[in-house]
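Residues 20 to 143, numbered by my numbering, are exactly what the sequence shown covers, in order.
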Amino acid sequence: MFGNTKPFSSFSVNDIKKAKKFYGEILGLEVKESPEGLELHVPGNNKIFIYPKENHVPATFTILNFPVSNVDAAVDELSKRGAHFEIYKEGELRTDAKGIFRGEGPTIAWFKDPAGNFLSVLEE
């Protein structure tokens, strides 16, 4: 039934202008604006739609994961561009001072977009 379709993901933000700047300038993604919201073009010819929502509530889970070959380098570069990584000092997902979790599973670091949605960079 869906073999010939091109599914895409979507999520909400509370400020479309801040989202456009964050995803375009800080993350370096191609962003196209429409009256309905933003369309992110990500590698692999994939698209993600971001729409404005007045009563937006940030996701409590990771909405986008960006695989990278070197998490340390990605964290350093994104930090220089203005991304702020989450530091977890308690629980089983404790991070180092840069916000990187190094344990069982992938090496990963979480950060938030301006609307409070969780994103990550994780080592392939």
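Ideal placement from N, C-alpha and C gives every residue a C-beta, glycine not left out.
What span of residues does the beta strand (DSSP E) with residue i cover, start to end?
i, result
"A92", "Not the beta strand (DSSP E): A92 falls in the alpha helix (DSSP H), residues V90 to R100."
"I69", "N65 to P71"
"V61", "G56 to V61"
"N84", "T81 to V87"
"L138", "F137 to E142"
"F30", "S28 to V32"
Can you give me the C-alpha to C-alpha distance between residue i and residue j, rounded to a whole angstrom?
i, j, result
"R100", "L138", "15 Å"
"E44", "S53", "18 Å"
"P26", "G63", "13 Å"
"Y70", "H103", "23 Å"
"E58", "S31", "12 Å"
"P125", "E142", "6 Å"
"K36", "L46", "15 Å"
"E123", "A78", "24 Å"
"S88", "E111", "24 Å"
Looking at the unbroken alpha helix (DSSP H) that takes in residue i, where does it start and where does it end?
i, result
"A38", "I35 to K40"
Among the residues of its own chain, which have a CB less than 8 Å from the CB of residue i, if the five just before and after it don't count?
i, result
"H60", "L48, E49, V50, K51 and K66"
Using 10 angstroms around the beta-carbon of residue i, count the other beta-carbons present and answer buried if the total reaches 16, otherwise exposed.
i, result
"N136", "buried"
"A134", "buried"
"Y42", "buried"
"G56", "buried"
"L97", "buried"
Is residue j closer than 8 Å to residue i when the C-beta atoms are compared?
i, j, result
"E109", "W129", "no"
"V90", "V140", "yes"
"D115", "A38", "no"
"S29", "F68", "yes"
"N33", "K72", "yes"
Under 7 Å Cβ to Cβ from residue i, same chain only, skipping five residues before and after it: list those, please.
i, result
"V94", "F104, K117, G118, I119, A128 and V140"
"I82", "F30, N136, F137 and L138"
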